[in-house]
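Student: The structure's right below; bear with me while I get my questions together.
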Amino acid sequence: MKSWRRQKQRFILMIIGALLISGGLSTLIGLSETNKGTVINSLQKKWAASYDIVVRPKETKSITEENNLFDPNYLSGISGGISVEDYEKIKNIQDVDIAAPISMIGFTGYGVIFKSLDIKEPGIYRVTNTSTDHNGLEEGKEIEEFYFSRGIHEEPDQEVVDKYGFVGFSALSDYTRVLLAAIDPVEEARLVGLDQAMVPLEGEKNYFSESDIVSSIDLSKSPGPIKINAMETTFPVILSNRSFINQTINFKIEKLDIPYKEVSEKQKALEEIEKNGGAKYLKTFPATNTESFTYNSDEAHRVMIENFLGIDTKTGKKKPMDEELVVDYRSILGEKTGPLTYKTITSPFPDRWTNAFEVIPYKGESIVKEVSTYRKPQITEKSLLKNPRLNPIFIGFFDPGKLNILQDPENELPMETYKAPIANLVLNEKGEPLNPPRSINPTSNMYGFMLQSPSMLTTIEAAQQILGESPISAIRIKVKGVEGLGDESQDKLESVASEIERITGLKTDITLGSSPQPLLINIPKVNSDESLGWIEQPWIKIGASINIFNETKVGYTGIILCNILVAIIYVFSTSLVSFLSRKQEFAVLLAIGWKPKQLKKLLLVESLLIGAIITVITLLAQLGFSFSGNFSIIDSLLLTVFVMMIYLIGPLFPMRLINKIHPSQVMRAGEISVTAKRVFGTHGLWSIVLNSVLGRLPRNAASILAIALPTSLLILFIYVTFRLKGVLYTSWLGQYVSMEVGTQHYIAVAVSLLISILTTSEILYQNINERRNEISLLKALGWKNKHVRSMVLLEGAVIGLIGGVIGGILSLLIISFMYGPLPVSELWLPLITCLSPIIVGILGGWLPSRMAMKTEPMEGMKGISGSFPSEKSYFIG
């Protein structure tokens, strides 16, 4: 205490530094919690799935999973494999809140009647039905041509069909293919709110209920001329009110230029047609009176719903149905869904797309000719007489836009059941960039690269009767008590996932904390189709968000540790200066019998006492804010630990120096008898400055390091702010980070730089004390106060410059590691930023320069053995 009273100015300086350390750490700890919450909210808002875990059959593992990457909408490519028994086991696990299964039953098709035709004029007509799939790149066309007659054979039997090629034709109709899937209605309602997304119907129930009937009959036991060895299942169905494909259907009706009014003309024409090959002969005739009708896939989907339900899709009210528009609901399950197969290839642009894959086309036979087969056909039965028969009972339709899932295609995870996948063609087949990229859409092709999402839903009970005891493709899990990202949530998810794998042997993937990752996919040549080129598609990176969360948490902790390290350097500097300025005093105490251990204890107690005083003041201040709800016991404990740790570590090295003090030093004239090492010959101001800085380099290294650390962070943050628009878009693992460099980061740097100023002041203060003889001699030789001030400020500037250079190199290494080498054109950024540490050094030298200016020329004749009255004028102008 007596030492502090003798050196009141330095004591005040230490208190200011201690308050700055405590206040800065208190602010940063609070901001770290805020930053943690911001990152969690941002990640969850940007990348969210409706479920925490997905369970799937073990055999569905793909080569892409070696990098934790999953094909978007990969669930649509899984056809069964999980038993109902395993599903029940999973539902009974204690921490499982929701277990929503989905079964991709397969593709089926229905006739859609657009318009009745009332053609009465006698004649032979040609109908050309052209279905065009628009995938965004090319148009895949299916063309069907047939003929019908008016005036005779309007409803032909098989003999007429064989002779003349006529078919019955009374309405514009087409065949639409849909993907049928099964769910658990109760669990799906809890998971995504499917029951709330149903469109209200007039006087009808519109969602699944326990009264729904699921039954099967064996058609092989039914009488009839054709033996069908299959089961027909009756089951409830709901439909999506949206189509997931972009298709146009065109009907062109032409009257052939053949005389066909009189009975004789008809007879003659029929004889000629039969004689010359029927439909083949009719192709040769020109046509007149052409009429065309065009519909799109949305219209086709709307008409299908209205045909099935007799409901106006816009109002939900019943509408009168034309008897000719009524269709038979029964259909055949022809194909199950199949996965894509990939192989790893080298990315043509690895800087932008680290990972690249190529689709391996299927080269075998398929039941549908002339289509691109990227998926292996999953035919239920080779004979259509053995394929499962479907008899759906339509009870309602739902709006996917009202489901409780993310609707923003830029942010959603591309693994939802109710949305079509997206992709962009970015490179042509030669690997040349396309500008602008072209969007790609799914098509009606069952074997295509991009599958449509299921638009028809039934129950798991129905799927079990159609497919057997293992109909479930995947189970989507929500876990109790998991509300967001975090270590506790991750541990719980891993525990539940392990339990599921243990009791079922199935594969689990934790989807909470996953993120979309752009991937490059090469679509090669298949069948007669040419290569599409390279597409960019948002895939699923399992665990990326939780890794990002952990990294940003560690990264912000690193900023706090940087501040702690700078604070430790400051406390070290104050302890070192205290030791050096009292070295003669300690020598006297040793001479009268004090032990080195007692002197060490003295330094440590002084340091801890300051730390304790500041901690109490800070805790009282925080307690004052507790009435506003901002007080945190954990934050306060952390602050106490950090501050006391700083003031415990800081004096350790100066305490070791006590062992080098000998009692005989009390006889020496001057506190410091050893002069600084001279590196250069003394020829002027700059040589004096460089000798002072480099000659005391071990001591000045504390100031240099204290300046270098925050400078490196400052350069990184400024680079991100101005070069990357403020978004730190990559983490240590190279993932996208939704973390903006903002005020809290610059506050951290500012706190560190302020502490650096105090550290520099402490070191330069002691340097000036040791050089009082030198300064008095320079003033005796004619130096003015402005020369002395310039010398000290230049020393501070040189220390700042060295710290800035080291900090700049460190920041360049960090930037290169995270983003690649910094372009030469961007080097101006760290160079300009290096002005900040120079300013810090100059500010740190300002107070010591004031003390140096007070040195009188006569002091050189006194030595420096006595007490320093100049200490009392340290802060006096």
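Residue numbers (this note's numbering): 1 to 877.
Even for Gly, the Cβ is constructed at its ideal location relative to N, Cα and C.
Bear in mind that the values here come from a model prediction, so they are computed numbers and not experimental data.
When DSSP labels each residue in this structure, what does T64 get in the three-state scheme?
Tutor: Three-state DSSP puts T64 in a helix.
Student: Could you have a look at R656 and say whether DSSP puts it in helix, strand or coil?
Tutor: Note: R656 maps to helix in three-state DSSP.
Student: Starting from D509, follow the alpha helix (DSSP H) in both directions and report where the run begins and ends.
Tutor: Taken as a continuous stretch (DSSP letters only), D509 belongs to no alpha helix (DSSP H), being part of the beta strand (DSSP E) at 507 to 510.
Student: Suppose the cutoff is 6 Å on Cβ atoms and the five residues either side in sequence are ignored; what does the same chain contact list for L309 look like?
Tutor: Same-chain partners within the cutoff: F394.
Student: Which whole-angstrom value is the C-beta distance of Y418 and P400, which I expect to be below 8 Å?
Tutor: About 4 Å; that satisfies the 8 Å criterion.
Student: Give, in chain order, every unbroken run of the beta strand (DSSP E) that is at least 3 residues long and sits entirely within the segment 243 to 321.
Tutor: Listed in chain order, the complete beta strand (DSSP E) runs (minimum 3 residues) inside the segment 243 to 321 are 247 to 256, 287 to 296.
Student: Curious, which full-length beta strand (DSSP E) runs of at least 3 residues does the segment 453 to 520 contain?
Tutor: Listed in chain order, they are 456 to 459, 474 to 479, 507 to 510.
Student: DSSP three-state call for P857: helix, strand or coil?
Tutor: If DSSP states are grouped into helix, strand and coil, P857 belongs with the helices.
Student: Three or more beta-carbon pairs under 8 Å between the segment 445 to 465 and the segment 570 to 577, yes or no?
Tutor: Touching, no.
Student: Could you tell me the distance, in whole angstroms, from the CA atom of P821 to the CA atom of T711?
Tutor: P821 and T711: Cα-Cα distance of roughly 19 Å.
Student: How would you call D162, buried or exposed, if buried means at least 16 neighbouring beta carbons within 10 angstroms?
Tutor: By the 10 Å Cβ count, D162 comes out exposed.
Student: Have a look at E856 and K779 and give me their C-alpha separation to the nearest angstrom.
Tutor: If you take the alpha carbons of E856 and K779, they lie about 7 Å apart.
Student: Going by C-alpha to C-alpha distance, which of R150, I523, G796 sits closest to G448?
Tutor: The shortest C-alpha separation from G448 is found at I523.
Student: With a CB to CB cut of under 7 Å and the five nearest residues on each side skipped, what residues in its chain are close to G165?
Tutor: Once the five neighbours on either side are set aside, the close Cβ partners of G165 are Y147, G278, A279, L282.
Student: Are R56 and I90 closer than 8 Å when you measure CB to CB?
Tutor: Not a contact, by the Cβ cut-off of 8 Å.
Student: Taking the C-alpha atoms as reference points, what is the distance between A879 and R126?
Tutor: Because the chain in this structure spans residues 1 to 877, residue 879 falls outside the shown range and cannot be described.
Student: Using a 10 Å radius around the Cβ and a threshold of 16 neighbouring Cβ atoms, would you call Q94 buried or exposed?
Tutor: Q94 comes out exposed.
Student: From which residue to which residue does the beta strand (DSSP E) around Q537 run?
Tutor: Where Q537 is concerned, the enclosing beta strand (DSSP E) stretches over 533 to 541.
Student: Judging by CA-CA distance, which residue of F397, K115, S264, N391 is the nearest neighbour of E202?
Tutor: Measuring from the Cα of E202, the nearest candidate turns out to be F397.
Student: Taking just the CA atoms, how far does R389 sit from S264?
Tutor: Distance between the alpha carbons of S264 and R389: 46 Å.
Student: Note down, in chain order, each residue of its chain lying with its Cβ closer than 7 Å to the Cβ of L194, except the 5 sequence neighbours on either side.
Tutor: For L194, where only same-chain residues beyond five positions count, the Cβ hits under 7 Å are E188, F398, L403.
Student: Just list the residues that DSSP pairs H134 with in beta bridges.
Tutor: Paired residues: E139.
Student: Measure the Cβ-Cβ separation of G249 and D174 and say whether it is below 8 Å.
Tutor: A quick correction: the sequence has Ile, not Gly, at residue 249. For I249 and D174, yes; Cβs fall inside 8 Å.
Student: What is the rounded straight-line gap between the Cα of I105 and the Cα of P454?
Tutor: Taking the straight line from one Cα to the other gives about 10 Å.
Student: Give every residue of the same chain whose Cβ lies closer than 8 Å to the Cβ of M858, excluding the five residues on either side of it in the sequence, and list them in chain order.
Tutor: Here the set comprises S776.
Student: Cutting at 6 Å between CB atoms, please list the residues of its own chain near K386, excluding the five before and the five after it.
Tutor: So the list reads N229, A230, once near-sequence residues are dropped.
Student: Might you give, ordered along the chain, the residues of its own chain that have their beta carbon closer than 8 Å to the beta carbon of V199, omitting 5 neighbours on each side?
Tutor: Cβ within range, chain order: N206, N241, T313, G316, G396, F397, F398, D399.
Student: DSSP on V566, reduced to helix/strand/coil?
Tutor: Note: V566 maps to helix in three-state DSSP.
Student: Using 8 Å for Cβ pairs, my map puts G168 next to P156. What's the rounded Cβ distance?
Tutor: Right, their Cβ atoms sit about 6 Å apart.
Student: Can you tell me whether W534 is buried or exposed? The criterion is at least 16 other CB atoms within 10 Å of its CB, across all chains shown.
Tutor: Classification of W534: buried, given that the 10 Å Cβ count is 16 or more.
Student: If you run the structure through DSSP and keep just helix, strand and coil, what is T344?
Tutor: Reduced to three states, the DSSP call for T344 is strand.
Student: Report all residues from its chain with a CB closer than 8 Å to the CB of S292; omit the five preceding and five following residues, and keep chain order.
Tutor: Contacts found: N250, F251, K252, I253.
Student: With a threshold of 16 other CB atoms inside 10 Å of the CB of D118, please say whether the residue is buried or exposed.
Tutor: With fewer than 16 other Cβ atoms within 10 Å, it is exposed.
Student: Keeping to the same chain, check which residues put their C-beta closer than 8 Å to that of E335; ignore five residues upstream and five downstream.
Tutor: Only G106, F107, I367, P377, Q378, I379, T380, M446 meet the Cβ criterion.
Student: Between E144, V577, L137, I614, which has its C-alpha nearest S131's C-alpha?
Tutor: The shortest C-alpha separation from S131 is found at E144.
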